[in-house]
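Asks: Before I ask anything, here is the structure I am working with.
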Amino acid sequence: TAALNTATTTALASATTAAVNSATTAALNSATTAALEVATTTALNSATSNSLNTATTSALNSATTNALNTATTSALNRATTTALNSATTNAANAATTSALNSATTTALNSATTSALDSATTSAIRSSTTAAANSASTAALNTATTSA
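Put into C-alpha coordinates, the structure is as follows:
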(Lines of atoms letter the chains of each structure in order from A and count residues from 1; the text may use other names and numbers.)
(Lines give C-alpha, C1' and ligand atoms only; values in the text may rest on other atoms or scores of the structure.)
Protein backbone atom coordinates (compact mmCIF):
# COMPACT_ATOMS: atom_id res chain seq x y z
CA THR A 1 0.00 0.00 0.00
CA ALA A 2 2.81 2.43 0.84
CA ALA A 3 4.57 1.76 -2.46
CA LEU A 4 1.31 2.03 -4.39
CA ASN A 5 0.45 5.29 -2.60
CA THR A 6 3.85 6.79 -3.37
CA ALA A 7 3.88 5.79 -7.04
CA THR A 8 0.27 6.82 -7.63
CA THR A 9 0.63 10.15 -5.80
CA THR A 10 3.81 11.06 -7.71
CA ALA A 11 2.40 10.21 -11.14
CA LEU A 12 -0.99 11.82 -10.60
CA ALA A 13 0.44 14.94 -8.92
CA SER A 14 2.86 15.61 -11.77
CA ALA A 15 0.36 15.09 -14.59
CA THR A 16 -2.59 16.80 -12.90
CA THR A 17 -0.66 19.83 -11.62
CA ALA A 18 1.01 20.48 -14.98
CA ALA A 19 -2.20 20.22 -16.99
CA VAL A 20 -4.42 22.16 -14.61
CA ASN A 21 -1.82 24.86 -13.87
CA SER A 22 -1.29 25.54 -17.56
CA ALA A 23 -4.98 25.72 -18.46
CA THR A 24 -6.06 27.66 -15.37
CA THR A 25 -3.20 30.18 -15.51
CA ALA A 26 -3.82 30.93 -19.17
CA ALA A 27 -7.57 31.42 -18.67
CA LEU A 28 -7.22 33.46 -15.49
CA ASN A 29 -4.41 35.61 -16.86
CA SER A 30 -6.35 36.41 -20.00
CA ALA A 31 -9.61 37.29 -18.23
CA THR A 32 -7.99 39.21 -15.39
CA THR A 33 -5.61 41.11 -17.64
CA ALA A 34 -8.43 42.18 -19.94
CA ALA A 35 -10.61 43.36 -17.03
CA LEU A 36 -7.76 45.16 -15.28
CA GLU A 37 -6.63 46.88 -18.47
CA VAL A 38 -10.09 48.30 -19.15
CA ALA A 39 -10.74 49.47 -15.59
CA THR A 40 -7.22 50.77 -14.98
CA THR A 41 -6.97 52.55 -18.33
CA THR A 42 -10.30 54.33 -17.82
CA ALA A 43 -9.36 55.59 -14.35
CA LEU A 44 -5.80 56.58 -15.25
CA ASN A 45 -6.76 58.34 -18.47
CA SER A 46 -8.79 60.91 -16.55
CA ALA A 47 -5.86 61.87 -14.28
CA THR A 48 -2.59 60.81 -15.88
CA SER A 49 -0.76 60.81 -19.21
CA ASN A 50 -0.49 57.98 -21.71
CA SER A 51 3.07 57.23 -20.56
CA LEU A 52 1.79 56.62 -17.00
CA ASN A 53 -0.96 54.40 -18.37
CA THR A 54 1.63 52.26 -20.12
CA ALA A 55 3.87 51.95 -17.05
CA THR A 56 0.98 51.32 -14.68
CA THR A 57 -0.63 48.73 -16.91
CA SER A 58 2.67 46.88 -17.22
CA ALA A 59 3.24 46.95 -13.45
CA LEU A 60 -0.33 45.87 -12.71
CA ASN A 61 -0.18 43.04 -15.22
CA SER A 62 3.00 41.72 -13.65
CA ALA A 63 1.71 42.02 -10.08
CA THR A 64 -1.66 40.51 -10.99
CA THR A 65 -0.05 37.62 -12.85
CA ASN A 66 2.19 36.86 -9.87
CA ALA A 67 -0.69 37.07 -7.41
CA LEU A 68 -2.94 34.91 -9.60
CA ASN A 69 -0.22 32.34 -10.15
CA THR A 70 0.39 32.08 -6.41
CA ALA A 71 -3.30 31.80 -5.56
CA THR A 72 -4.00 29.38 -8.39
CA THR A 73 -1.06 27.15 -7.54
CA SER A 74 -2.15 27.00 -3.89
CA ALA A 75 -5.74 26.14 -4.83
CA LEU A 76 -4.61 23.56 -7.37
CA ASN A 77 -2.25 21.94 -4.90
CA ARG A 78 -5.06 21.55 -2.38
CA ALA A 79 -7.46 20.18 -4.99
CA THR A 80 -4.81 17.87 -6.44
CA THR A 81 -3.86 16.53 -3.02
CA THR A 82 -7.51 15.77 -2.25
CA ALA A 83 -8.00 14.06 -5.61
CA LEU A 84 -4.78 12.07 -5.25
CA ASN A 85 -5.68 10.95 -1.74
CA SER A 86 -9.05 9.77 -2.97
CA ALA A 87 -7.59 8.00 -6.01
CA THR A 88 -4.86 6.38 -3.92
CA THR A 89 -7.37 5.19 -1.32
CA ASN A 90 -9.61 3.76 -4.05
CA ALA A 91 -6.66 1.98 -5.67
CA ALA A 92 -5.48 0.59 -2.32
CA ASN A 93 -9.01 -0.54 -1.48
CA ALA A 94 -9.35 -2.29 -4.83
CA ALA A 95 -5.99 -4.03 -4.39
CA THR A 96 -6.85 -5.07 -0.84
CA THR A 97 -10.27 -6.37 -1.89
CA SER A 98 -8.70 -8.37 -4.72
CA ALA A 99 -6.09 -9.87 -2.38
CA LEU A 100 -8.72 -10.70 0.24
CA ASN A 101 -10.99 -12.28 -2.37
CA SER A 102 -8.14 -14.44 -3.60
CA ALA A 103 -7.11 -15.49 -0.09
CA THR A 104 -10.72 -16.18 0.92
CA THR A 105 -11.36 -18.24 -2.21
CA THR A 106 -8.21 -20.29 -1.60
CA ALA A 107 -9.13 -20.88 2.05
CA LEU A 108 -12.73 -21.81 1.19
CA ASN A 109 -11.60 -24.18 -1.56
CA SER A 110 -9.22 -25.88 0.82
CA ALA A 111 -11.81 -26.17 3.58
CA THR A 112 -14.48 -27.41 1.16
CA THR A 113 -12.14 -30.01 -0.34
CA SER A 114 -11.17 -31.23 3.13
CA ALA A 115 -14.82 -31.47 4.24
CA LEU A 116 -15.82 -33.27 1.03
CA ASP A 117 -12.92 -35.70 1.37
CA SER A 118 -13.90 -36.45 4.96
CA ALA A 119 -17.58 -36.89 4.12
CA THR A 120 -16.77 -39.08 1.08
CA THR A 121 -14.40 -41.26 3.11
CA SER A 122 -17.02 -41.68 5.84
CA ALA A 123 -19.73 -42.58 3.32
CA ILE A 124 -17.45 -45.11 1.58
CA ARG A 125 -16.54 -46.72 4.90
CA SER A 126 -20.18 -46.94 5.90
CA SER A 127 -21.19 -48.38 2.52
CA THR A 128 -18.28 -50.82 2.53
CA THR A 129 -19.08 -51.97 6.06
CA ALA A 130 -22.76 -52.48 5.17
CA ALA A 131 -21.83 -54.44 2.04
CA ALA A 132 -19.33 -56.56 3.95
CA ASN A 133 -21.84 -57.24 6.73
CA SER A 134 -24.48 -58.21 4.19
CA ALA A 135 -22.07 -60.54 2.40
CA SER A 136 -20.94 -62.10 5.68
CA THR A 137 -24.52 -62.62 6.80
CA ALA A 138 -25.43 -64.23 3.49
CA ALA A 139 -22.39 -66.51 3.65
CA LEU A 140 -23.17 -67.50 7.22
CA ASN A 141 -26.80 -68.17 6.37
CA THR A 142 -25.72 -70.34 3.44
CA ALA A 143 -23.23 -72.23 5.58
CA THR A 144 -25.74 -72.66 8.39
CA THR A 145 -28.44 -73.85 6.02
CA SER A 146 -25.98 -76.28 4.45
CA ALA A 147 -24.82 -77.56 7.81
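Counting along the sequence shown from 1, when you hit position 105 you're at 241 in this note's numbering, and nothing is skipped either side. Glycine residues also receive a C-beta, built at the ideal position from the N, C-alpha and C atoms.
#1: Between the alpha carbons of Thr206 and Thr233, how many angstroms are there, rounded?
#2: My assumption, with CB atoms under 8 Å, is that Leu140 sits in contact with Ala227. Please give the rounded CB distance.
#3: Pick helix, strand or coil for Ser182, following the three-state DSSP scheme.
#4: If I measure Cβ to Cβ from Leu204 and keep anything under 8 Å in the same chain, skipping five residues before and after, which residues do I get?
#5: For the stretch 187-204 against the stretch 170-178, do three or more pairs of beta-carbon atoms, one drawn from each stretch, fall closer than 8 Å, so that the two count as touching?
#6: Buried or exposed: where does Thr216 fall if 16 or more other Cβ atoms within 10 Å of its Cβ makes it buried?
#7: Which of the three DSSP states, helix, strand or coil, is assigned to Thr190?
Replies: In brief:
#1: Locating residue 206 in the sequence shown gives position 70, counting from the first residue. Locating residue 233 in the sequence shown gives position 97, counting from the first residue. Going by the C-alpha atoms only, they are around 40 Å apart.
#2: Counted from its first residue, the sequence shown places residue 140 at position 4. Counted from its first residue, the sequence shown places residue 227 at position 91. Sure, about 6 Å apart at Cβ, within 8 Å.
#3: Residue mapping note: residue 182 aligns to position 46 of the sequence shown, counting from 1. It is coil, neither helix nor strand.
#4: As a working mapping, residue 204 is identified with position 68 in the sequence shown. Taken in chain order, the residues that qualify are Thr161, Leu164, Asn165, Thr168.
#5: yes
#6: Here the question's residue 216 lines up with position 80 in the sequence shown. Burial call: buried.
#7: Position 54 of the sequence shown, counting from 1, holds the residue named residue 190. Of the three classes helix, strand and coil, the one that applies to Thr190 here is helix, per DSSP.
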